[in-house]
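Structure record follows, encoded as structure tokens.
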Amino acid sequence: GAVVSQHPSWVICKSGTSVKIECRSLDFQATTMFWYRQFPKQSLMLMATSNEGSKATYEQGVEKDKFLINHASLTLSTLTVTSAHPEDSSFYICSARPGASGGNTQYFGPGTRLTVL
Amino acid sequence: GENVGLHLPTLSVQEGDNSIINCAYSNSASDYFIWYKQESGKGPQFIIDIRSNMDKRQGQRVTVLLNKTVKHLSLQIAATQPGDSAVYFCAENIYMIYNQGGKLIFGQGTELSVKP
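Okay, structure coming up:
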């Protein structure tokens, strides 16, 4: 149980285009989802926290107009990278946390590799 | 932000030896700590966790030690195997007023290489 999926697993796009990444909790309802970014040989950096039905809370330095997050249901959150540039190329990872009964535990997705040409 | 521009330290061990991976955390108010294993191109995989009211917790072949005085975590892997080769991250859970359950802040990570 507690499986989180991401789609697509990898994507290549041209500079200036927008890319949407989906994060789904497959067998539980996630009141909170998180989005992380990871550059090669570096740690995971939290980008934003997303609560179902409300606006996402972005970490300092993360542009909310560039990284649009939508958490429209208890099993789906999306991250849209708008007007992507080569420096946005990274590994994007989501995690999902069940409701109050799930405590602090976050379940991670497999990640999405974004390459911007 | 945390961990910008850093490169992963590495630990190389012989198969069968014990491994100890260390981590320093930053927030004395953190209430929960987790160790994750990440293989290349994959998401983090939960290994073991510990709450701030404990100083030691054991799992299968793994032990986590927490020293709150010096804000230090360690992960001990017994009888390390080639399949343990991966990057290991510690994470601290920081409580947020606006979000019950808190958020995770990841440490730098250590790349473990196991020689057969």
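The listed protein sequences correspond, in order, to chains A and B. Quick note: to get the numbering used here, add 2 to the position in the first sequence (first position is 1). Position 95, counted from 1, in the second sequence is what the numbering used here calls 93; the numbers after and before it change by one each time, with no gaps. For glycine and all other residues, C-beta sits at the position ideal for the given N, C-alpha and C. The model shown is predicted, which means the values in this text are computed figures rather than measured ones.
Is the beta carbon of B:Asp82 closer than 8 Å to that of B:Leu63? Not closer than 8 Å, so no.
What in chain E is Cβ-close to A:Gln108, meaning under 7 Å? Structure shown: chain E not included; protein chains present are A and B.
Taking one C-beta from the segment 53 to 71 of chain A and one from the segment 104 to 119 of chain A each time, how about it: are there three or more such pairs within less than 8 Å? By the criterion of at least three beta-carbon pairs nearer than 8 Å, the segment 53 to 71 of chain A is not in contact with the segment 104 to 119 of chain A.
Going by Cα to Cα distance, which pick from A:Ser17, A:Ser91, A:Ile23 and A:Gly18 is closest to A:Ser11? Among A:Ser17, A:Ser91, A:Ile23 and A:Gly18, the Cα nearest to that of A:Ser11 is on A:Ile23.
Does the beta-carbon distance from B:Ala115 to B:Lys69 come in below 8 Å? In the structure as shown, chain B starts at -1 and stops at 114, and residue 115 of chain B therefore has no counterpart that could be examined.
Output, in chain order, the set of chain A residues within a Cβ distance shorter than 7 Å of B:Leu6. Within chain A, the residues near B:Leu6 are Lys43.
Please state if the CB of A:Cys96 and the CB of A:Val6 are separated by a distance shorter than 8 Å. Yes, the Cβ-Cβ distance between A:Val6 and A:Cys96 is below 8 Å.
Report yes if the CB atom of B:Ser17 is closer than 8 Å to the CB atom of B:Lys113, and no otherwise. A distance of 8 Å or more separates the beta carbons of B:Ser17 and B:Lys113.
Nearest chain B C-beta to A:Pro10 closer than 8 Å, yes or no? Using beta-carbon distances, A:Pro10 does not count as an interface residue toward chain B, since no partner is under 8 Å.
Output needed in chain order: residues of the segment 21 to 32 of chain B with a Cβ under 9 Å from some Cβ in chain A. Legend: CB atoms of the segment 21 to 32 of chain B lying less than 9 Å from CB atoms of chain A belong to residues Asp29, Tyr30 and Ile32.
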